[in-house]
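As structure tokens, the structure follows; a few thoughts come after it.
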Amino acid sequence: KYYGIWSYGVAMYAFILIPILDLLIPEDTNNPTKEQSQRVSKAFRFKVVTALWVPTQYALMFYMANEFCIPNLALYEMIGVIVSFGMISGGIGINVAHELIHKPCLWERILARTLLISVWYGHW
Numbered sequence: 071k072y073y074g075i076w077s078y079g080v081a082m083y084a085f086i087l088i089p090i091l092d093l094l095i096p097e098d099t100n101n102p103t104k105e106q107s108q109r110v111s112k113a114f115r116f117k118v119v120t121a122l123w124v125p126t127q128y129a130l131m132f133y134m135a136n137e138f139c140i141p142n143l144a145l146y147e148m149i150g151v152i153v154s155f156g157m158i159s160g161g162i163g164i165n166v167a168h169e170l171i172h173k174p175c176l177w178e179r180i181l182a183r184t185l186l187i188s189v190w191y192g193h194w
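For the sequence shown, the positions run 71 to 194 when the working numbering is used.
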């Protein structure tokens, strides 16, 4: 199984699709009130999204490392896998870790450190 140009799918999504959607979708200027923001930050359904990113990133890391070892993978496909995972772990993972590290719960800070370790940024 080979990926071809789709090994750059994350970059295409980030640098082509999102800017196009940004031009087409009107800006939302509504912001939650301070009370709404505090209530949302304590809601379990919002905590679970960031918490689930940790196993997701590790699963993607092992999957992409395995896919990188496919014999006969073209050089441009290898580069695409590296770029895609770098954007996922650096763009999403570090941002999620940043949010988690500021939370008062110990388990969320542990999750943040776990993410930061996966991108060799464990000195936080």
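All residues carry an ideal CB built from backbone N, CA and C; glycine is no exception.
Rounded straight-line distance, which links the Cα of residue j to that of residue i
| i | j | result |
| --- | --- | --- |
| F138 | T103 | 46 Å |
| I95 | I187 | 36 Å |
| W123 | N142 | 31 Å |
Residue i and residue j closer than 8 Å at C-beta
| i | j | result |
| --- | --- | --- |
| E178 | L185 | no |
| S77 | G150 | yes |
| I164 | Y133 | no |
| E147 | Y73 | yes |
N- and C-terminal bounds of the alpha helix (DSSP H) containing residue i
| i | result |
| --- | --- |
| A144 | Note, A144: premise wrong, no alpha helix (DSSP H); not H, not E. |
| D92 | I88 to L94 |
Residue i (DSSP reduced to helix, strand or coil)
| i | result |
| --- | --- |
| T200 | The requested residue 200 is not part of the displayed model; the chain covers only 71 to 194. |
| Y73 | coil |
Review point. On the three-pair Cβ rule with 8 Å, is the segment 109-117 touching the segment 143-156?
Key: no
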